[in-house]
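Right, one structure below, let's go through it.
Protein chains: 2
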Amino acid sequence: MGGQNFSKKRQMILDTIKSTNSHPSAKWVYETLKKEIPDLSLGTVYRNINLFKDQGHIVAVANIDGEERIDGDTSPHAHFVCKECGCVYDVPATHAPISRECCSMDGFETHNTVLTYYGICGGCTQI
Amino acid sequence: MGGQNFSKKRQMILDTIKSTNSHPSAKWVYETLKKEIPDLSLGTVYRNINLFKDQGHIVAVANIDGEERIDGDTSPHAHFVCKECGCVYDVPATHAPISRECCSMDGFETHNTVLTYYGICGGCTQI
DNA sequence: ATAAAATCAATAATGATTACTGATTTAAGG
DNA sequence: CCTTAAATCAGTAATCATTATTGATTTTAT
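Structure (structure tokens):
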């Protein structure tokens, strides 16, 4: 009950992504789950991340130093990317409301809106 | 007069980027200029793009299929990325105003704000 | 002219992601 | 509980964008 018929590994990969707000990379998911599933393959993580993106379970939110970062929270909210440490933070909609309207260009259909702030995070400003 | 002392190739790379609104990739810049400068090297294009980004002459605006796309127009405006054809369009500030305030998180310094719409562009909806 | 600094072409190296293949697991029916 | 076809996977090789390296060329200042 209550979900599609995912294989055990596939479900654990999704659970791992959903259980963090660190906006992980594929490699982070792989290394984190590797402790629990020693025979996990990095290719499997990539394949399932692409599947989850296609199905709308997760979204890509940033690309830091060539690494795609994903988010299991698909509700509308902005992100803050620290140029120093590469961390990606959630910015709640109350602090950075994302405008729902798009450009009024004829025939353009907007599926989703990405609002990202780049700068230096609290931890890195203190250094 | 009226500019830094760029070498001929460096200046032509910047001019090429500034002269288009197609939000090109490094490879596009390379292939476009290669016709004019047969002995241009792709590494030179990458090196100079990174230099221009550091100096604030250009900005990175999207990453499409693993390729970084840049913009010679550094004025605040949003972008529309077509998931179908991969084109990146300018969205003038009048159609999608970018909020200047950022998250009110303590100690966070915002340097720039990126607002991007993803969807299907006018050309691709008609197919 | 000339020497030091900047810049470059060419190539090799790196690193993220994807494709492939044969083995394993899962799902459905008997 | 078996069986069998389809789905999934591990392991590895390949791909592709980007970066690093190095020795040669160009630019700049003198």
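Same order as they appear, the protein sequences are chains X and C. Counting in my numbering, the first sequence runs from 6 upward without gaps. Counting in my numbering, the second sequence runs from 6 upward without gaps. Positions of the beta carbon are idealized from the N, C-alpha and C atoms, including for glycine.
Asked: For a contact meaning CB atoms closer than 8 Å, what does C/Gln131 contact in chain X?; Found: Gly112
Asked: Kindly list, in the order they appear in chain X, the residues whose Cβ is closer than 8 Å to that of C/Gly127.; Found: Met110, Asp111, Gly112 and Phe113
Asked: Whose Cβ in chain C lies nearer than 7 Å to the Cβ of X/Leu120?; Found: Leu120
Asked: When the Cα atoms are used, what is the spatial distance from C/Thr99 to C/Val64?; Found: 20 Å
Asked: Spell out whether any CB of chain X is found under 8 Å from the CB atom of C/Tyr123.; Found: yes
Asked: Is C/Asn53 helix, strand or coil when you go by DSSP?; Found: helix
Asked: So does the region 81 to 92 of chain X actually touch the region 72 to 92 of chain C, counting three or more Cβ pairs closer than 8 Å?; Found: no
Asked: Out of curiosity, what's the CA-to-CA distance linking C/Thr25 and C/Gly77?; Found: 8 Å
Asked: Between the Cα of C/Phe85 and those of C/Thr115, C/Ala67, C/Glu73 and C/Tyr51, spot the shortest distance and give me the residue it belongs to.; Found: C/Ala67
Asked: Are the C-beta of C/Asn26 and some C-beta of chain X separated by less than 8 Å?; Found: no
Asked: With a Cβ-Cβ cutoff of 8 Å, do C/Thr37 and C/Thr49 count as a contact?; Found: no
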